[in-house]
Every structure is written in structure tokens, then in C-alpha cells.
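Shown next, in C-alpha cells, is the structure this report addresses.
Residue numbers (the working numbering): 385 to 485.
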């Protein structure tokens, strides 16, 4: 899916507005990363789009989760199924994506 810069700009702006809401502060107050479950000080949690904006995701409450910086940086633009596959490879000791023959 090819997204135009205007869509990406608009969704990032929506995310910035949502980050300033009580809803987001309550989500972060729990102090737990959505992905790894690790306890993190609420101010250190980042906002992550489960389905990334670059992959067609929207800045809506259903698509936004608190994530530690480490998970957010590793997840990048991955879709949920791709993130799960990555985690399975990490657990199996093979973090590099296997090439198809």
C-alpha cells in the first residue's frame, strides 16, 4: 500500500493530539509495555501504532498502545504477524529473517 505524505502527516498529527489526552495518560499510568510486558516508568513509555502508519494504520485509540522504547524501536514498521514471527525467531535463537530458497 503506497501512502501519500499528506496521510502520514495527518496521522502523526492525530497521534500527537492523542498523546496529550487523559486517555493516553491513563494507558501509560499502568506502566507496562504492551509488547514485552516489562514494567516501565509511565513517562518512558512511547506511543506505538500496532499497525504502523506507513503500512496503512491510523491514529485511533484501537491502534495505539504504550510500548517501551526498545520494543518500539525493534518493531518499527512491522505488522502484528511480522512482529510475532520476529519474536519467535528471537526465542529460537535465530533473530535474522530466514531467506526462502
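Here a beta-carbon is modelled for each residue, glycine too, at the ideal position from N, C-alpha and C. Given the structure is predicted, the values throughout are model-derived calculations rather than measurements.
Selection from the options that minimises the alpha carbon distance to residue i
i: residue 388; options: 413, 475, 439; result: 439
i: residue 460; options: 435, 421, 405; result: 435
i: residue 397; options: 442, 423, 429; result: 442
i: residue 446; options: 391, 407, 415; result: 407
Collapsed DSSP secondary structure at residue i in the structure displayed
i: residue 448; result: strand
i: residue 485; result: Residue confidence for residue 485 is low, a pLDDT of 38 falling below 50, so the modelled location carries little weight and cannot support an answer.
Terminal residues of the alpha helix (DSSP H) in which residue i lies
i: residue 471; result: 464-475
i: residue 457; result: 453-459
Short Cβ contact (8 angstroms threshold) for residue i with residue j
i: residue 420; j: residue 450; result: no
i: residue 430; j: residue 458; result: no
i: residue 463; j: residue 470; result: no
Fully enclosed by the segment 385-438, which alpha helix (DSSP H) runs are 4 residues long or longer? DSSP runs (the alpha helix (DSSP H)) wholly in the segment 385-438: 389-403, 406-413.
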